[in-house]
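In terms of this note's numbering, the sequence shown opens at residue 280 and continues consecutively.
Yeah, the Cβ is synthetic: ideal placement off N, Cα and C, and Gly gets one too.
Since this is a predicted model, take the numbers as computed values, not measurements.
Working notes for the structure below.
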Amino acid sequence: MKKLRFLSVLLVSLLLIIPLEAQNRIEIVYMRWGDLKEIEIEKKIVESFNQSQNKIFVRLESAAWGAYWQQLQNRIAAGNAPDVMLISGAYFIDLASKGVFLDITDWMNKEINLKNYYYTPEVCEWNGKKYAMVRDITIGGVMYYNKDLFDKYKVRYPDWTWNWNKWLDAAKKLTIDENKDGTPEIWGLYIPTWGEGGLYPIIWSAGGEILTKDRRACVIYSNPKSLEGLKFMYDIRYKYKVCPSESFMQGLADPFMTGNFAMTTGITSFIVGYKKLPFRWGIAPIPSGPAGRHMTVNQLSLAIYSKSKYPREAWEFIKFAVGPKGQEIMGKGYQAIPALKTKTRVYFDEENIRPALKIFELYEKGQLKSLNFTPSWLEWNNMLETTLGYAWQGRVDIEKAAKTAEERVNKILKEAWDKLNK
């Protein structure tokens, strides 16, 4: 009798621990990375889904970027990965090729109209099958400009007619050494040396490529047009001196926020951090290079664990997250730009950032290019940026840095593809 009473008390205690709305429902686990703000918005999406029906309860788990991938790898190895997981293209091929994700091709073909979305196949598809669904979109190579500085020095705002020559001319006018000590107080321009921020768009706009079409080899040195783009990045620092060296930039997290840079390039995710800046600013597309205007497109996706006990329930949550309600919550909370086209403009609700919507027209024109995802993408991309960094710091010339970077990246790519094809 005592044992029975104890078990009854234990059962009641367990029920009290489980949220009331989760009782008598199928529970699935959704895991993602993010900062406090991102997780706060994600909780709202999850809560909205949980309140929208009474059969499925989603439990959200989160971690910082680095910890997320470590935990995910450990849980995959142990066979208890979350039912739904947020995926970056940097890891998609590595995981999809190992059978980590559930094939959702049939569900996507029957229940999702991809024409309604900005959709990058390489973050969702592998070997002709669909394993994930896009949730957001980030554009890289966006130009931010300080209107107060443009007005003060009587320079016209950038527009869609700008090319590299107009860009450089404006940067010269806006590089100001007020105390004549040889170091400008106001810099005309800053182009980040990492892929999405500026490196990739500049190389593409010069007519070059980072990798070959089959993504088996790096061509930043062997392709003359790629090298032309790198030389432009180098010359704005050391020939025209309108952009500081990376040695000067060390310790400066975001130069545009200082108010001392007239123009910088970056990604659309920066908009949130700029909303409360103490100066007026605007958004424009990156100026056209010799081969036109090219910018980056990157998307995160949602995938289902291939060993999930509740795959259909997991899919129902994904449909909600990428549907009108989930996308609106995400956009209004400035967590990310919705991939659902009818909700994209929700993110751009203020006058000074509304012009950025026009940049999305480049998507339809094929001028937004993906990030060349491959197996071991993070490894070779880090190697590329680190090796080129010696040139950006002024320690070696750009041709030598590019040659060395290409050789090192090619070694990583060969090993990655060979391993994948075994």
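May I ask whether a heavy atom of the ligand SAM can be found less than 7 Å away from the beta carbon of residue i?
i, result
"residue 412", "With respect to small molecules bound, the structure shown includes none, and the ligand SAM cannot be examined in it."
Hey, how far is the Cα of residue i from the Cα of residue j?
i, j, result
"residue 507", "residue 498", "12 Å"
"residue 616", "residue 521", "32 Å"
"residue 642", "residue 459", "44 Å"
"residue 437", "residue 540", "14 Å"
"residue 663", "residue 669", "11 Å"
"residue 533", "residue 493", "34 Å"
"residue 322", "residue 346", "19 Å"
"residue 314", "residue 343", "7 Å"
"residue 292", "residue 536", "For residue 292, the pLDDT reaches just 45, beneath the cut-off of 50, and the residue's location in the model is therefore unreliable, although a value from the coordinates is still provided. Those two C-alpha atoms are separated by around 51 Å."
"residue 674", "residue 659", "21 Å"
"residue 696", "residue 538", "44 Å"
"residue 296", "residue 614", "For residue 296, the predicted model reports a pLDDT of 48, less than 50, meaning its position is unreliable and no value from the coordinates is stated."
"residue 316", "residue 442", "37 Å"
"residue 687", "residue 337", "44 Å"
Could you check which residue in the options has the C-alpha nearest to that of residue i?
i, options, result
"residue 620", "382, 306 and 394", "394"
"residue 485", "426, 572, 412 and 316", "572"
"residue 475", "546, 330, 390 and 381", "546"
"residue 627", "588, 554, 570 and 644", "554"
"residue 363", "406, 320, 306 and 319", "306"
"residue 601", "648, 477 and 390", "390"
"residue 516", "644, 610, 392 and 450", "450"
"residue 685", "374, 509, 375 and 443", "509"
"residue 618", "402, 330, 304 and 326", "402"
"residue 467", "447, 478 and 461", "447"
"residue 422", "408, 480 and 310", "480"
Report yes if the C-beta distance between residue i and residue j is below 8 Å; otherwise report no.
i, j, result
"residue 472", "residue 512", "yes"
"residue 366", "residue 579", "yes"
"residue 379", "residue 340", "no"
"residue 565", "residue 632", "no"
"residue 559", "residue 426", "yes"
"residue 312", "residue 525", "no"
"residue 404", "residue 410", "yes"
Quick check on the burial criterion: 16 or more other C-beta atoms within 10 angstroms. Buried or exposed for residue i?
i, result
"residue 356", "exposed"
"residue 431", "exposed"
"residue 596", "buried"
"residue 656", "buried"
"residue 349", "exposed"
"residue 406", "exposed"
"residue 464", "exposed"
"residue 495", "exposed"
"residue 629", "exposed"
"residue 636", "exposed"
Helix, strand or coil for residue i per DSSP?
i, result
"residue 568", "strand"
"residue 331", "helix"
"residue 356", "helix"
"residue 397", "coil"
"residue 432", "coil"
"residue 295", "Caution is warranted here: a pLDDT of 47 is assigned to residue 295, below 50, making its placement in the model unreliable, and no coordinate value can be reported."
"residue 340", "strand"
"residue 374", "helix"
"residue 633", "helix"
"residue 617", "strand"
Taking 8 Å as the CB-CB limit, is residue i close to chain B?
i, result
"residue 500", "Of the protein chains in the structure, only one exists, and it is not chain B."
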